[in-house]
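Chemist: After the structure tokens below, expect a handful of questions from me.
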Amino acid sequence: MTLRQLMTSRVAIGGSLAALALSALLIFGPARAFGLLPQGSAVTRDQAGNRPLAVLVRPMRREVGYTRHQAYTGTVRAARTGLLAFEAPGKLIEVLVDDGDRIEAGDVLARQDDRKLRARRDEIEARLKEAQAAFAEAQNGPRLQTVEAARARVAELQAQEALAEIEFRRDSELRQTGSVPQQSLDRTRFSYEAARARRMQAEQELSELDAGTRPERLDAAAAAVAQLEASLEDLDLRIEDCRLVAPYAGRVVRRMADEGAIVAADVPVLEIAETDRLEVRLGLPPEIATELVDGSDCRLTIAGRDYAARVLQRLPRLDPQTRTQTVLLTLHPDPNGAVEPPLSELARLTIELPVAREGFWVPLSAMTRGPRGLWSLFVTEGTEGGEHRVVRVEVELLHADDDRAFVRGPIDDGTSLIVDGPHRVVPGQRIEPLAEATGAAESATSAAAGAGSIAKDDRMSPR
């Protein structure tokens, strides 16, 4: 090979190497500037610069168990609900409430036409007054003037009887001498007997007046009065039944009829609910339901709001389909006047269930997915030279809350857990552990310094 060929070959090789270096600079330079290279590259550069990465750590404490929050849902319902209807058919002339209206116990909600019943009542009332007057007369007996007149009549008839007796005796004596005919004697005898009969009749009437009214007549008069009073009371009840009255306070759920309609007996006109006493029915497992003592207080979440409640009672029979036990809870009135939850709204009861299993509480942010359904944690491990390095530990997730998890794995009590993000470290990396409470600011400063050092090394490294 000639000198010119050798020089030409070296120039070609040098140009190729320069082009390759320029391409690498164009590709990896922006990637490093914008943090697109893997973290391991920064770690390698950091280790090459002999500067451990400052990280926040927290000692892990072994726990003998954790509390699991289990939520059960039920429905809100009124303590009492009812379909209100009239007992007798009639024309509906007035409905005084509408859907959603507030009602109080005793309020008149609707009325039927009662004009015919009131007319009938007036008739019965007049007949009752008549019967009461007859009964009072029977109780008081005859007037004094009537008794005196009857006594005078008896005296008169006694005188007439005495006169007829004298005439009869005289005619009897004259007949013995033949002075009077037999016909005249018969006439005087019959006149005497008639006068005696009239006198006896008058005496009986006077005796009846003196004795007063017979008990039978008093009983009959009293029975007539009682019958009319019962009829009047029946009409009053029927007139009262023409009004639909609220049996308890609450709200109108639904209005089912309007004015002018002819409603039959027992056909619902209004549906009401006692919203002042709201209840929640929950279906709980029997072992959970037995933990709720009657009268104990609890908290319910309904439509995003918390409500105070009290355990009312547990039904003694299990649901044959769900095999759960129904528990009734009653809502306490809110002293701040909070809006009452709507009926049939879902209510959630959260119960704390202790679980006896050993493990550790760790932040969710310190966990990454591992193999075979496990999770990974990064902890610190000391070396003989007094350094600290990153170690990956596979753990099993037992329970998770909003921002922390309960895990178990091959971890010793007191092991330092890296808590400021697993994305910053890799296994085997040298680190400088900082206590979580005191080292947050220092960690941020060290991270910024380390980033500056990496950038400086990038600038100083040969291309």
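Residue numbers (our numbering): 17 to 479. Think of the CB as a built atom: it goes at the ideal place given N, C-alpha and C, for glycine as much as any other residue. Quick caveat, the model's predicted, so the values are computed rather than measured.
(1) Whole-angstrom Cβ separation of Gly116 and Val268, contact assumed at under 8 Å?
(2) Just reading off the beta strand (DSSP E) that Val111 is part of, what are its end residues?
(3) What whole-angstrom Cβ distance do Asp257 and Phe102 have, given they're in contact under 8 Å?
(4) Report the residue from Arg185, Glu183 and Val285 whose alpha carbon sits nearest the alpha carbon of Gly106.
(5) For Leu100, which option in Val371, Ala416 and Val279 has the closest C-alpha, if you only look at C-alpha atoms?
(6) Could you pull the DSSP bridge partners for Cys314 from this structure?
(7) What residue range does the beta strand (DSSP E) around Leu347 cover?
(8) Can you give me the Cβ contacts of Ala94 inside the same chain, cut-off strictly under 8 Å, excluding the 5 residues immediately before and after it?
(9) Nearest-angstrom Cα distance between Arg271 and Ile255?
(10) Assuming Glu410 is part of the beta strand (DSSP E), what are its boundary residues?
(11) Taking C-alpha atoms, which residue in Asp418, Val411 and Val407 lies nearest to Pro449?
(12) Three-state secondary structure (DSSP) at Gly389?
(13) How would you label Gln198, buried or exposed, when you count the other beta carbons within 10 angstroms and need 16 or more for buried?
(14) Considering just the uninterrupted stretch of the alpha helix (DSSP H) at Glu275, what are its terminal residues?
(15) At the level of alpha carbons, what is the spacing between Thr204 and Glu183?
(16) From Glu275 to Glu110, what does the alpha carbon distance come to, in whole angstroms?
(17) Using CA atoms only, rank isn't needed, just tell me which of Arg405, Val423 and Asp418 is closest to Glu412.
(18) State the start and end residues of the unbroken alpha helix (DSSP H) segment that holds Ala262.
(19) Out of Leu72, Gln192, Phe151 and Ile304, which one is the CA nearest neighbour of Gln86?
(20) Between Val327 and the rest of its own chain, which residues show a CB-CB distance below 7 Å, the 5 nearest in sequence each way excluded?
(21) Please report the residue range of the beta strand (DSSP E) in which Ile447 lies.
(22) What are the start and end residues of the beta strand (DSSP E) that includes Glu120?
(23) The alpha helix (DSSP H) with Gln155 in it runs from where to where?
(24) Inspect the CB distances between the segment 315-326 and the segment 147-167 and report whether three or more fall short of 8 Å.
(25) Tell me which same chain residues have a C-beta within less than 6 Å of the C-beta of Val170, skipping the five on either side of it?
(26) Taking 8 Å as the threshold (beta carbon to beta carbon), is Pro379 in contact with chain C?
(27) Compare the beta carbon distance of Leu241 and Leu125 with 8 Å and say whether it is the shorter of the two.
(28) Going by DSSP in three states, Ile434 sits in which element: helix, strand or coil?
(29) DSSP on Arg230, reduced to helix/strand/coil?
(30) Using the Cβ count rule (16 or more neighbours within 10 Å means buried), how would you classify Gly430?
(31) Let's test the definition: count the other Cβ atoms within 10 Å of the Cβ of Gln16 and tell me whether it reaches 16, buried, or not, exposed.
(32) So Met383 packs on Leu393, CB below 8 Å; how close in whole Å?
(33) Can you tell me the Cβ-Cβ gap for Ala416 and Leu380, rounded? I've got them flagged as a contact below 8 Å.
(34) Which one of Leu133, Trp377 and Leu201 has the shortest CA to CA distance from Arg77?
(35) From Arg373, His404 and Arg440, pick the residue whose C-alpha is nearest to that of Thr83; which is it?
(36) Compare the C-alpha of Ile367 against each of Leu300, Ser195, Glu177 and Glu172 and name the closest.
Modeler: In short, the structure shows the following:
(1) As a working note, residue 116 is residue 100 in the sequence shown. As a working note, residue 268 is residue 252 in the sequence shown. Going by Cβ atoms, the distance from Gly116 to Val268 rounds to 6 Å, so yes, they are a contact pair.
(2) Translated into the one-based positions of the sequence shown, residue 111 becomes position 95. Note, Val111: beta strand (DSSP E), Gly106 to Val111.
(3) As a first step, residue 257 is located in the sequence shown; it is residue number 241 there, counting from the start. As a first step, residue 102 is located in the sequence shown; it is residue number 86 there, counting from the start. That belief holds up - the Cβ atoms of Asp257 and Phe102 are roughly 7 Å apart, short of 8 Å.
(4) Counting from 1 along the sequence shown, the entry for residue 106 is found at position 90. Closest option to Gly106, Cα to Cα, is Val285.
(5) Within the sequence shown, the letter at position 84 stands for residue 100. Leu100 has its Cα closest to that of Val279, out of Val371, Ala416 and Val279.
(6) On the sequence shown, residue 314 is found 298 positions in, with the first residue counted as 1. Ala325.
(7) Looking up residue 347 in the sequence shown gives position 331. From DSSP, the beta strand (DSSP E) with Leu347 extends over Gln341 to Leu347.
(8) Position 78 of the sequence shown, counted from the first residue, corresponds to residue 94. These residues qualify, in order along the chain: Gly266, Ala289, Glu290, Thr291, Arg293, Leu294, Glu295 and Leu359.
(9) The count along the sequence shown starts at 1 and reaches residue 271 at position 255. The count along the sequence shown starts at 1 and reaches residue 255 at position 239. Taking the straight line joining both Cα atoms gives about 23 Å.
(10) Working through the sequence shown from its first residue, we reach residue 410 at position 394. Where Glu410 is concerned, the enclosing beta strand (DSSP E) stretches over His404 to Ala416.
(11) In the sequence shown, counting from the first residue as 1, residue 449 sits at position 433. The candidate whose alpha carbon is nearest that of Pro449 is Val407.
(12) Translated into the one-based positions of the sequence shown, residue 389 becomes position 373. DSSP places Gly389 in helix when its eight states are reduced to three.
(13) Numbered from its first residue, the sequence shown carries residue 198 at position 182. By the 10 Å Cβ count, Gln198 comes out exposed.
(14) Mapped onto the sequence shown, residue 275 falls at position 259. Taken as a continuous stretch (DSSP letters only), Glu275 belongs to no alpha helix (DSSP H), as it is neither H nor E.
(15) Position 188 of the sequence shown, counting from 1, holds the residue named residue 204. Position 167 of the sequence shown, counting from 1, holds the residue named residue 183. About 6 Å.
(16) Counting from 1 along the sequence shown, the entry for residue 275 is found at position 259. Counting from 1 along the sequence shown, the entry for residue 110 is found at position 94. Taking the straight line from one Cα to the other gives about 5 Å.
(17) To locate residue 412, count along the sequence shown from 1; it is residue 396. When each option's Cα is compared against that of Glu412, the closest is Val423.
(18) For the purposes of this step, residue 262 is taken as residue 246 along the sequence shown, with counting starting at 1. That residue, Ala262, is in no alpha helix (DSSP H); it is neither H nor E in DSSP.
(19) Here residue 86 refers to the residue found at position 70 of the sequence shown. For the residues Leu72, Gln192, Phe151 and Ile304, the minimum Cα distance to Gln86 belongs to Ile304.
(20) The residue labelled residue 327 in the question sits at position 311 within the sequence shown. Closer than 7 Å at Cβ, skipping near neighbours: Leu308, Val309, Asp310, Gly311, Ser312, Cys314, Val343 and Leu345.
(21) In the sequence shown, counting from the first residue as 1, residue 447 sits at position 431. Segment Arg446 to Ala451, the beta strand (DSSP E) holding Ile447.
(22) One-based indexing of the sequence shown puts residue 120 at position 104. From DSSP, Glu120 is part of no beta strand (DSSP E); its letter is neither H nor E.
(23) For the purposes of this step, residue 155 is identified with residue 139 of the sequence shown, where counting begins at 1. Taken as a continuous stretch (DSSP letters only), the alpha helix (DSSP H) holding Gln155 covers Arg131 to Asn156.
(24) no
(25) Position 154 of the sequence shown, counted from the start, is the residue given in the question as residue 170. Counting only Cβ-Cβ distances below 6 Å, and skipping sequence neighbours, we find Ala218, Glu219 and Leu222.
(26) The structure shown contains no chain C; it is built from a single protein chain.
(27) On the sequence shown, position 225 is the one that residue 241 refers to. On the sequence shown, position 109 is the one that residue 125 refers to. Looking at the sequence shown, residue 241 is not Leu but Val. No, Cβ-Cβ distance for Val241 and Leu125 is not below 8 Å.
(28) For this step, residue 434 is matched to residue 418 along the sequence shown. Correct three-state label for Ile434: strand.
(29) For the purposes of this step, residue 230 is taken as residue 214 along the sequence shown, with counting starting at 1. It is coil, neither helix nor strand.
(30) What you label residue 430 is simply residue 414 of the sequence shown in a count that begins at 1. Label assigned to Gly430: exposed.
(31) This structure cannot speak to residue 16, because the chain is shown only from 17 to 479.
(32) For this step, residue 383 is matched to residue 367 along the sequence shown. For this step, residue 393 is matched to residue 377 along the sequence shown. Contact holds; Cβ gap of about 6 Å.
(33) In the sequence shown, the residue the question calls residue 416 occupies position 400. In the sequence shown, the residue the question calls residue 380 occupies position 364. The pair is a contact, with the Cβ atoms about 7 Å apart (cut-off 8 Å).
(34) On the sequence shown, residue 77 is found 61 positions in, with the first residue counted as 1. Here the closest residue by C-alpha is Trp377.
(35) If you number the sequence shown from 1, residue 83 lands on position 67. Out of Arg373, His404 and Arg440, Arg373 has the C-alpha closest to the C-alpha of Thr83.
(36) As a first step, residue 367 must be located in the sequence shown, where it is residue number 351. The shortest C-alpha separation from Ile367 is found at Leu300.
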